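Peer 1:
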Amino acid sequence: MKAVNLIPADAARASSRSATGAAPFALIGVLAAALAMVAVWTLTERSVESKQRELAAITVEDTRTGDRSRHDAKALFVFIGASPHTEWLGGQLATDRAGFLLTGRDVQGDDLAEYEDERPLFLETSRPGIFAVGDVHSGSIKRVASAVGEGSMAVRLVHQRLAAPVHPAR
Ligand SMILES: Cc1cc2nc3c(=O)[nH]c(=O)nc-3n(C[C@H](O)[C@H](O)[C@H](O)COP(=O)(O)OP(=O)(O)OC[C@H]3O[C@@H](n4cnc5c(N)ncnc54)[C@H](O)[C@@H]3O)c2cc1C
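For the record, in the sequence shown the residue sitting at position 55 is 124 according to our numbering, with numbers rising by one throughout.
1) Would you report the Cα separation of Leu162 and Arg122, rounded to the nearest angstrom?
2) Just to confirm, is the Cβ distance from Ala142 to Ile127 under 7 Å?
3) Pull up the distance between the alpha-carbon of Gly168 and that of Gly160, whole angstroms please.
4) Please classify Leu192 as buried or exposed, where buried requires at least 16 other C-beta atoms within 10 Å of its C-beta.
5) Find out if the Cβ-Cβ distance for the pair Leu181, Leu226 is shorter than 7 Å.
6) Could you tell me the alpha carbon to alpha carbon distance between Ser215 and Arg196, rounded to whole angstroms?
7) With C-beta atoms as the reference, is Ala207 less than 7 Å away from Asp179?
8) Using a 10 Å radius around the Cβ and a threshold of 16 neighbouring Cβ atoms, would you call Thr134 buried or exposed?
9) So what does DSSP say about Ile97, is it helix, strand or coil?
10) Leaving out the 5 sequence neighbours to the left and right, which residues in its chain are closer than 6 Å to Asp204 when beta-carbon positions are compared?
11) Beta strand (DSSP E) containing Ser116: first to last residue?
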């Protein structure tokens, strides 16, 4: 887990009260007040305590320092899934600073070396004939539908690359 957003118990109670018929402007006021009480921790892991099947408290641990702290809490939002996990490629394909694979027009400068006078196709990485689709490529939409759609697009683009290889057989 990479980050934990915690809504303290008082704010959670206030938010749930407002959902039972309060006017919209009153709800906005409650949300604004609740927002001031939201704590955001990044690069943490957490464990939870519950009482009678309700969240009662969480303990967060900073993954860099190992520091632990315990907080009473009624609500918890978990934000995960924002790491590309491309380390295993060992630098074989160009990435942005966060590790997402560069494709198409985002491949620039020295990363174009393998293309000689050509340019990568849409979704094609810094290595001709290797395509990246879905969350792993830099600038992707990060939605299921777009990941599936890009997969089907890549099939068509692979055919296009095979018909016009960057390094035709000499
Ligand atoms: C918490 C959360 C909520 C989301 N909610 C929504 C939503 O409501 N609607 C929506 O449209 N999108 C949502 N998304 C985004 C959506 O899940 C992704 O955009 C989509 O799953 C991307 O598909 P993908 O195939 O690119 O990647 P993934 O679905 O992540 O698939 C990649 C696969 O590759 C595998 N893998 C990774 N490394 C290796 C390796 N070295 N060798 C072999 N396999 C490997 C992984 O295990 C995984 O199965 C959400 C994402 C998260 C994290």
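Backbone N, C-alpha and C fix where the C-beta goes; we use that ideal spot for every residue, glycine too.
If you're wondering where the values come from, they're calculated on a predicted model, not measured in any experiment.
Peer 2: Quick answer:
1) 47 Å
2) yes
3) About 10 Å.
4) Flag for Leu192 reads buried.
5) Contact flag unset, no.
6) 23 Å
7) According to the sequence displayed, residue 207 carries Ser and not Ala. Result no, Cβ atoms of Ser207 and Asp179 do not sit closer than 7 Å.
8) exposed
9) helix
10) Closer than 6 Å at the Cβ level, and outside the excluded window around Asp204, lie Lys211.
11) Per DSSP, Ser116 is one residue of the beta strand (DSSP E) stretching across Thr113 to Lys120.
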